[in-house]
Structure formats: structure tokens, C-alpha cells
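Visitor: One structure is given below, represented as C-alpha cells, and several questions about it will come after.
Protein chains: 2
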Amino acid sequence: MCFQVRMTPHETSLTLEKTAETLRAAGLRMTKKRFGIIQALLEANSPLSLQDIQSRAEVHTSLRPDYATVFRTVGAMEKLGLVHKVSLQRSCTYYEISDPRKHYDHLVCRQCGQVVLIDIPCPIGEAEKTIARQYGFRELSHSLEFFGLCSTCP
Amino acid sequence: MCFQVRMTPHETSLTLEKTAETLRAAGLRMTKKRFGIIQALLEANSPLSLQDIQSRAEVHTSLRPDYATVFRTVGAMEKLGLVHKVSLQRSCTYYEISDPRKHYDHLVCRQCGQVVLIDIPCPIGEAEKTIARQYGFRELSHSLEFFGLCSTCP
DNA sequence: ATACATGCAAACATTTTGCTTTGGC
DNA sequence: GCCAAAGCAAAATGTTTGCATGTAT
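In order, the protein sequence lines correspond to chains A and B. Numbered according to the working numbering, the first sequence spans residues 1128 to 1281. Numbered according to the working numbering, the second sequence spans residues 1128 to 1281.
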């Protein structure tokens, strides 16, 4: 059972066209099902489980993609760097569109599950470079989640 | 299949006694199996899966706790704040002892799986307070993982 | 002696795969 | 028409639970 994620606004600057273009460039075909999946991801305000994506894709295209289709499509998109996993420390994995111009740090309420995207100047950017140098790692990325209790929860 | 985690040194300052004390104070009984589980966690240099804990507990006590026992014991310890989950973005959950005096940020090689514990002054501490104020959240904690390619991987 | 802890095995949830059919190009 | 994508259903994996038995207190 996947926890239902509540949302907080966040505008999207990646377009359906651009994303589709990347997929095509990689030799993947654009289908109605994939359009729905991509739209679901583009319009999400917080990370989505595969089930979430499946339901929302249906809203967009009136076609419900099979769960395996969502799984494979999202997997392919992940390989292309178009989406990334987000760990909300729950029983299933969540995904989010990767817009290279943005940061994806989250603030999660331990009580109600609300997820807030913290799209502020990243406090990590500098540390990341230092760490890369210090430990000899390359191509660093990070995943940062804050957990706490939101103002409306006890 | 749980990915095998390689390790990097990290001294432990929590003791078996102290941990056992906390468990007893919570009304839990100290058994040989639990000693092994706690020792496995205390001596780990990086996050352990439940299977890892099971195997290492056996090394310590010559008694192999059942997987369900490890599951329940670690779960109980988590509720008491003695351990916490670590998301290495793999198929299973990893756990780590929670020493309140330490930070638990990790650096993970995407290629070989090596996990390095970055036990340096936390780059987040300040941001955490700001975020708490700004979003009205309380009791914040965070989980920070860096992913990259280590010096020995292509 | 009494509860709590354990082991065993089954139930569950989620992820992943194989294979046939459908549909984009 | 060809080959990738989708659907269906089964397998695989990891997590969680129920219950009878063992054991710390």
C-alpha cells in the first residue's frame, strides 16, 4: 500500500515536447501511453509512485497504461536522466522529473505524509565539490530529504 | 538480492551497555540474539541490510537469529531512536546505529556500491533551522546521500 | 509463573520478467 | 512490414504477520 502524497505548488519548466524529443533521440517511440506518463510526471508537484503515475496518466489520456508499462517507461526515462528516484522512506519508490535547472530537496511530514519541494538555493552545492575532491569521487549528485512535523500535525 | 556494501573505517562511541540499557528501560528483554544484533550494528562501518545484520549477529554470538527476529528487533530499536534507516536507493532498506553526537551522511559509488560515511561538520545544520522556520515544521531531521563514481571505478 | 522473544511458515506488497499481441514508424 | 511497446500473468524479492514454543525476568 503506497502512502498518498499531498502536494505543494511548484511550476514546471520542462515541456512535453522537449521530453518527447529526448526520448525519440534515444530511439524510443512516442506512444499515447507514454505521453500520459510524461504528462503525469511533468505536472506533479511532488514525487509520484508508479501507481500514482498510472492513475494520473489515465486522467491525461483516458488510457490506463499497464503497471508494467509504467515501470518500463519510467525505468527507461531514468536511464536517460529524465527522472530520478526520491526516497521518502516508505514502502515504495517515488519518481520525479529531473529538470537540470532545479534542485530537488524535500521536506516531508512524518505524520501526515505531506511533501514540500524545497526549491531554494541548494545548501549543498559547495560541500559537494569539497567532498568530491576530498574523497576522489566524480560526477556527484545528492539526495536530500528533511523529515519533521508540519504545522497542522500534532 | 541485497547489494553487498563495502566499508570505510568509522569508530563507534555508543556502547553495547548503553544500548542494552535503553532497551531494558523501554521494557524490552536482553537476549543473546539481541546482543548479537546490537553488536553487529555497533561495529558496522556502513549501513547494513537486515540480512547483513543477521549474518553478522551470528559471527558475534554463534547464534543465527531468525530473519523475523532481526526485523522485529531492529524495528523496536528504530522506534526507540536507536537506529535509523538509510536509503541507498537499492532494493532493500539499510539501517545504522543512531549516535546523537554524529552525523550520518553518506557517499555512495554508483558503480561498485562502496559506501563512505561522511562524518564531517554537517553542511546542513544551519539550513535545517532556516527551513524549519520558513515552512513551519518542527523536529526536523534529514537524510543526505551523495552518489558518484569512486576513484577506482571506470 | 508470566509475559515477552523466537522460529517457522505463510501472507503481502512491490518490483521485475517472459511472452504474445498491438501499434508506431 | 518490422521492431519496439503494451498487456497479461507469473515469478521473484523483500517485508510483515500469526501462532506455537522457548526463555528472560
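Even for Gly, the Cβ is constructed at its ideal location relative to N, Cα and C. Every value quoted in this text rests on a predicted model; they were computed, and no experiment measured them.
What does DSSP give as the partner residues of A/H1269 in its beta bridges?
Guide: Walking along the first sequence from the start, residue 1269 of chain A turns up at place 142. Bridge partners of A/H1269: B/F1273.
Visitor: Sort B/L1207, B/S1189, B/K1206 and B/A1184 by Cα distance to B/T1196 and report the nearest one.
Guide: Numbered from its first residue, the second sequence carries residue 1196 of chain B at position 69. Taking only the C-alpha atoms, the option nearest B/T1196 is B/A1184.
Visitor: At a cut-off of 7 Å, is A/L1271 close to the ligand MG when judged by its beta-carbon and the heavy atoms of the ligand?
Guide: By its list of ligands, the structure shown contains no ligand whatsoever, and the ligand MG lies outside what it can speak to.
Visitor: If I follow the unbroken beta strand (DSSP E) through A/H1230, where does it start and stop?
Guide: Along the first sequence, read from residue 1 onward, the residue named residue 1230 of chain A stands at position 103. That residue, A/H1230, is in no beta strand (DSSP E); it is neither H nor E in DSSP.
Visitor: So B/P1250 contacts chain A; which residues on that side make the cut at Cβ distance below 7 Å?
Guide: Sequence index remark: in the second sequence, residue 1250 of chain B carries index 123 (1-based). Neighbours of B/P1250 on chain A, chain order: P1250, I1251 and A1254.
Visitor: Taking the beta carbon of A/E1144 as the centre, do at least 16 other beta carbons fall within 10 Å, making it buried, or is it exposed?
Guide: Within the first sequence, the letter at position 17 stands for residue 1144 of chain A. Exposed: under 16 other Cβ atoms inside 10 Å.
Visitor: Listed from N- to C-terminal order along the chain, which residues in the stretch 1151 to 1162 of chain A have their beta-carbon within a distance smaller than 7 Å of any beta-carbon of chain B?
Guide: Correct list: empty, as no residue qualifies.
Visitor: Take the Cβ of A/C1219 as the centre, count every other Cβ of all protein chains shown within 10 Å, and call the residue buried at 16 or more, exposed below.
Guide: By one-based count along the first sequence, residue 1219 of chain A stands at place 92. By the 10 Å Cβ count, A/C1219 comes out exposed.
Visitor: Tell me the rounded alpha-carbon separation between A/L1215 and B/R1191.
Guide: Reading the first sequence from its first residue, position 88 is the one you call residue 1215 of chain A. Reading the second sequence from its first residue, position 64 is the one you call residue 1191 of chain B. C-alpha separation (whole angstroms): 31 Å.
Visitor: Going by beta-carbon coordinates alone, are A/I1224 and A/V1201 separated by less than 8 Å?
Guide: Counting from 1 along the first sequence, the entry for residue 1224 of chain A is found at position 97. Counting from 1 along the first sequence, the entry for residue 1201 of chain A is found at position 74. Going by C-beta atoms, A/I1224 is not nearer than 8 Å to A/V1201.
Visitor: Give a yes or no on whether the minimum CB-CB distance between A/Y1221 and chain B is below 8 Å.
Guide: Here residue 1221 of chain A is taken as the residue at index 94 of the first sequence, counted from 1. Not one chain B Cβ lies under 8 Å of A/Y1221.
Visitor: Which residues in the same chain have their Cβ closer than 8 Å to the Cβ of A/F1264, if we skip the five residues on either side of it in sequence?
Guide: Taking the first residue of the first sequence as position 1, residue 1264 of chain A is located at position 137. Result list for A/F1264: I1258, in chain order.
Visitor: For a quick check, are the C-beta atoms of A/P1250 and B/I1251 less than 8 Å apart?
Guide: Taking the first residue of the first sequence as position 1, residue 1250 of chain A is located at position 123. Taking the first residue of the second sequence as position 1, residue 1251 of chain B is located at position 124. Going by C-beta atoms, A/P1250 is nearer than 8 Å to B/I1251.
Visitor: At what residue ranges does the stretch 1135 to 1166 of chain A contain a whole run of the alpha helix (DSSP H), taking only runs of 4 or more?
Guide: The stretch 1135 to 1166 of chain A contains these whole alpha helix (DSSP H) runs: 1143 to 1152.
Visitor: Could you list which residues in chain A have their beta carbon closer than 7 Å to that of B/F1198, in chain order?
Guide: Here residue 1198 of chain B corresponds to residue number 71 of the second sequence, with the count starting at 1. Under the 7 Å cutoff, chain A gives no residues; its nearest Cβ is about 14 Å from B/F1198.
Visitor: What residues match up with B/I1258 in a beta bridge as DSSP calls it?
Guide: Taking the first residue of the second sequence as 1, we reach residue 1258 of chain B at position 131. Per DSSP, none; premise fails for B/I1258.
Visitor: Between the C-alpha atoms of B/R1161 and B/T1142, what's the straight-line distance to the nearest angstrom?
Guide: Numbered from 1 along the second sequence, position 34 holds the residue referred to as residue 1161 of chain B. Numbered from 1 along the second sequence, position 15 holds the residue referred to as residue 1142 of chain B. Each residue's Cα considered, the two are about 14 Å apart.
Visitor: Check whether the Cβ atoms of A/L1271 and B/H1269 lie closer than 8 Å to each other.
Guide: In the first sequence, the residue the question calls residue 1271 of chain A occupies position 144. In the second sequence, the residue the question calls residue 1269 of chain B occupies position 142. The answer is yes: Cβ separation under 8 Å.
Visitor: Can you list the residues of chain A that B/C1277 reaches, using a CB-CB cut of under 9 Å?
Guide: By one-based count along the second sequence, residue 1277 of chain B stands at place 150. What B/C1277 touches in chain A: Y1262, G1263, F1264 and R1265.
Visitor: Given a cut-off of 8 Å, decide if B/L1175 and B/L1168 are closer than it, judged by their beta-carbon atoms.
Guide: As a working mapping, residue 1168 of chain B is identified with position 41 in the second sequence. As a working mapping, residue 1175 of chain B is identified with position 48 in the second sequence. In this structure, B/L1175 lies closer than 8 Å to B/L1168 by Cβ.
Visitor: What does B/L1271 touch in chain A if you count any residue whose Cβ is under 7 Å from its own?
Guide: Along the second sequence, one-based indexing puts residue 1271 of chain B at 144. In chain order: H1269 and L1271.
Visitor: Quickly, what does DSSP pair B/K1212 with across the bridge? List them, please.
Guide: If you number the second sequence from 1, residue 1212 of chain B lands on position 85. Paired residue(s): B/Y1222.
Visitor: Would B/A1254 be called buried (16 or more neighbouring beta carbons within 10 Å of its own) or exposed?
Guide: Numbered from 1 along the second sequence, position 127 holds the residue referred to as residue 1254 of chain B. Classification for B/A1254: buried.
Visitor: Can you find a CB in chain B that lies within less than 8 Å of the CB of A/I1224?
Guide: Counted from its first residue, the first sequence places residue 1224 of chain A at position 97. By this cut-off, A/I1224 is not an interface position.
Visitor: Could you name the residues that DSSP lists as bridge partners for B/P1244?
Guide: Within the second sequence, numbered from 1, the residue matching residue 1244 of chain B stands at position 117. Per the sequence shown, residue 1244 of chain B should be read as Leu rather than Pro. According to DSSP, which records beta bridges pairwise, B/L1244 is partnered with B/H1233.
Visitor: Where DSSP assigns a beta bridge to B/L1175, which residues make up the other side?
Guide: Numbered from 1 along the second sequence, position 48 holds the residue referred to as residue 1175 of chain B. DSSP lists B/Y1222 as partners of B/L1175.
Visitor: Within its chain, find whatever has a CB closer than 7 Å to the CB of B/R1151; leave out the 5 residues flanking it on each side and keep chain order.
Guide: Reading the second sequence from its first residue, position 24 is the one you call residue 1151 of chain B. Excluding residues within five positions, the ones whose Cβ falls inside 7 Å are M1157.
Visitor: Rounded C-beta distance between A/R1237 and A/G1275? I'm assuming under 8 Å.
Guide: On the first sequence, position 110 is the one that residue 1237 of chain A refers to. On the first sequence, position 148 is the one that residue 1275 of chain A refers to. Right, the Cβ-Cβ distance comes to about 7 Å (below 8 Å), so this counts as a contact.
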